[in-house]
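Numbering (the UniProt record's numbering), first residue to last: 1 to 767.
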Amino acid sequence: MQPPPASVATTGRPGWSPDRRMALWKTLAWCQLAFGLALTGYAWVLVQGDVTAHARARFDFRVSEILTALRDRVTAYELALGGGLALFNAVGDVSREQWQAFAATMDLNANYPGIQGLGYSPAIFQDTREAHIAAMRAQGFPDYAIRPPGDRDAYTPVVYLEPDTVLNKKAFGFDTFSEAVRRAAIERARDSAKPSITGKITLVQEGTTNVQPGFIMFMPVYDTPAPPPTVELRRRLIKGYVNAPFRLYNLMRGILQGDHQDVGFEIFDGDAPSEAALLYRSEGLADDADKPGPPLFADTQRLDILGRTWTIRFAALPAFEAALDRRLPYFITASGLAITLLLFVIIRALLAARAGVELLERTRQHESDLLQGILGNFPAPYLLVDAGQRVLQTNQRFLEMLDIDGPVEGLTGKHLAEVYYRDPAHETMAGKSIAEGVIFQGVEVNTKSHKGRDKVILANISPLYDINNACIGGLCIYVDLTERRQMEIKLARVGKLEAIGQLAAGIAHEINTPTQYVGDGVTFLRNAFEDLRRVLALVEDYAGRPEAVGEAPARAMRELLEDIDAAFLRAEIPDAIDNIFDGISRITSIVAAMRRFSHSSGDRTQAVNLADLARATLEISRNEWKYVAEADLDSDPDLPEVRCQADEISQVLLNIVINAAHAVAEATQEGGAPGRISLRLRRVGDMAEIAISDTGAGIPEAIRDKVFNMFFTTKDVGKGTGQGLAIAYDIVVAKHGGSLTFTSEPGRGTTFFVRLPIDGDDNGHKG
């Protein structure tokens, strides 16, 4: 903890006239009251916003849980139908007894709550209908018939449906292909070789009461173990369909199992919610339909389920709102008011003390009782200490703030040095307040708790006086700002990253102009030195021919040439000027690269020369690879410009090149030959390919499938966030419609391949 600045301390020692001191205290009292009330109001607004944001996050989490439960359960049912498909693929023609045994092993009621049964419907055609009916009657069903009757091109009657309940028997012989909604799902499953569900239907098993919306899931079975490769073959080789009927309300009870009573939801078949498309409405939402006003939170999600889209509307129920802790804003308000009023009361008490000793003696006990009553239920961490800096009173919140174990009474009588043994500076500040009468108000201090955790605390420390104006102790009131400061640091880091990009562009612009001035000046010096060289040559010539100018001038010239070491200057100055030119050229190149790299293209695409981006990337990253590798760039001169977002592709290339430099550095032994980083730009069909190769150690086989995962890194803590390649993959694939792949050979190196559509649209995707 750092000691407070002098600007936050005010002396309270006597010495002024009573009237002047009284006027000052009155002014301070009202200023403190106004400031405290304003600060309390502001704190209420902030905390109210935090409570709402936390509630919204909890609501979104509930929505995510429900969606995940739906997806997981549908996947489980899909696997159950897959088991039936596997049975047909293994056995061929499955008998009724085999199907019953299979369904019994599945234990549908225990393992698949909500499912009405597990069935099978063969694919029957007009020319095989009579043979099918005869075969079924021969199996012991003399009254078997396909329902509804009539001539149709194809039939899919239900022949197996387990468990064999009274309701399921109503579906025996029903031709699911005869009804349009069922037929659409069957045809979709048959042609796609994937499971499919129907839209909203009423199951034939339904009775006259408690009728529920339902749907059926179909899994196609072909005459071949593997699905035929074409739609035509699938239609020709279709054998039948493993299916499962569902009643929506039974299904939802099986999925949710009593959970999520605080969030209601409605499921609609299709993209447009309507009563006609309603599949399910949770009980809590139905009970809440007559509640006036909208729900606290609402959301609409669309879920693609095996060829159908379900629109799901979520709403927070009264149970959700009842669970919200709305007390915190009022608690903060009460705390702020209590602190403000407490300080106001203390100051007013000091004012009253100036009225006379007798009045103070009569009221001192009352004020002491009032103070003890307030502190006994004080909502903020505090310390009350005596003149010897020993603790008189504190509360549980103070112990929690500094991670102090034990009861509150355990601090009573302890010296501040024992309480703040990790922070002598804060002990000194409290001691100064008591010893010198200094008030520290709103001082932000950085300290450590008893468990070594970093803490940020807002401290208010005031000395307490008796009737003789002698300090009898001090009151320390605190507000824990640790979590708030941590959030501010995170936000500041985000802002700093954005500012760095803007600063790079500004630096490049600002450096460019003086660099041009220096270049022009060096050019002038070079030209001027050429003239000076001729003058020196002439002087040397005359210095060697005294008969032409006289002995005295010739001797003076020779001495001058020796003093200035003309031969050295004539030999070294051109080299020095050339070195300056090389440096200026290097600065100009770096500045140009910085300007290109930091220039934002916004959200629109533009025609970009990828070779220029690659050169700029090598310039910007030179400090990463120049000590460990040599870099080269080879670009196809016929490669056209690519429509993309230049700044995002620059970020991709920079991330990969820096990773390559780190890989080479790890693989290169100290004093060994440098590695190599190569960039190759080529056209591959309608794509532009950038291949970035390095001679590092390569990527181990065990982690290659995790390379593009967010936050995955093999670097030490603090040396990498694991976001670079994940962000690069998102930019190339999701935003530009390209591809990002790699090949790697352990001990030899890695090559990343960035492919971008040459003609992208305005959103960065392939046109």
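Note that the Cβ used here is the ideal one computed from N, Cα and C, for glycine as well.
Computed from a predicted structure; not experimentally measured.
| query | result |
| --- | --- |
| V204 in three-state terms, based on DSSP | coil |
| Proximity below 7 Å, CB of V642 to CB of V684 | no |
| Supposed close pair R190, I238 - CB separation, criterion 8 Å | 5 Å |
| Classification of D175 by the beta-carbon crowding that lies within 10 angstroms, buried from 16 upward | buried |
| Contact under 7 Å by Cβ, L756 with A691 | no |
| Per-residue DSSP class, three states only, for R493 | Its pLDDT being 45, under 50, R493 is placed unreliably in this model, and the value from its coordinates should be taken loosely. If DSSP states are grouped into helix, strand and coil, R493 belongs with the helices. |
| Option in L725, D686, A646 and L618 with minimal Cα separation from S678 | L618 |
| Of the residues Q441, T713, H662 and G747, the one placed nearest I461, counting alpha carbons only | Q441 |
| Reduced DSSP category for K626 - H, G, I as helix; E, B as strand; rest coil | coil |
| Same chain only: Cβ atoms within 8 Å of A145, ignoring 5 sequence neighbours per side | I133 and G173 |
| Where R281 falls, given that 16 or more other Cβ within 10 Å makes a residue buried | buried |
| Collapsed DSSP secondary structure at P229 in the structure displayed | coil |
| Counted within 10 angstroms of its Cβ, other Cβ atoms place Y627 as buried (16 or more) or exposed | exposed |
| Three CB pairs or more closer than 8 Å across the stretch 32-41 and the stretch 327-347 | yes |
| Per-residue burial, W30 [other beta carbons within 10 Å of its own, 16 or more giving buried] | exposed |
| 7 Å Cβ cutoff met for E624 and I731 | no |
| Closest by C-alpha distance to T751, when choosing among G737, S693, T714 and I703 | S693 |
| Proximity below 7 Å, CB of F265 to CB of L278 | no |
| Within 7 Å, strictly: CB atoms of C471 and A387 | yes |
| Buried versus exposed, by CB contacts within 10 Å (16 or more), P157 | buried |
| Neighbourhood of residue 836 by C-beta, 6 Å cutoff - its chain only, sequence neighbours within 5 removed | An answer regarding residue 836 cannot be provided, because it is not within the stretch 1 to 767 covered by the chain. |
| DSSP state of P574 mapped onto helix, strand, coil | helix |
| Sequence-distant residues of its chain with Cβ nearer than 8 Å to G406 (five each side left out) | L399 |
| Close Cβ partners of G749 (< 7 Å) along its chain, the five nearest in sequence each way excluded | S693, D694, T695, G696 and G698 |
| Spatial neighbours of S621 in its chain, beta-carbon cut-off 8 Å, leaving aside the 5 residues before and after | L654, V657, I658 and A661 |
| Among N89, L639 and W25, the one whose alpha carbon lies nearest that of R682 | L639 |
| Span separating the alpha-carbon of A55 from that of F314 | 15 Å |
| Where the alpha helix (DSSP H) containing V657 begins and where it ends | A646 to A667 |
| Cβ neighbours of S121 in the same chain (closer than 7 Å, five flanking residues each side left out) | T156, P157, V158, V159, T176, G240, Y241 and N243 |
| Same chain, Cβ closer than 6 Å to I124, neighbours up to 5 away in sequence not counted | H132 and Y155 |
| Chain-order list of residues whose beta-carbon lies under 8 Å from that of F331 (same chain, five-residue window excluded) | P379 |
| Rounded separation between E418 and S335 - CA only | 28 Å |
| Residues that DSSP places opposite Y155 in a beta bridge | I124 |
| Reference Q208, options L167, V733 and L233, closest by Cα | Reading the sequence as shown, one finds Thr at residue 208 and not Gln. Ranking the options by Cα distance to T208, first place goes to L167. |
| Among L317, I255 and I312, nearest to P294 - alpha-carbon criterion | L317 |
| Selection from G41, Q393, K170 and D262 that minimises the alpha carbon distance to E65 | D262 |
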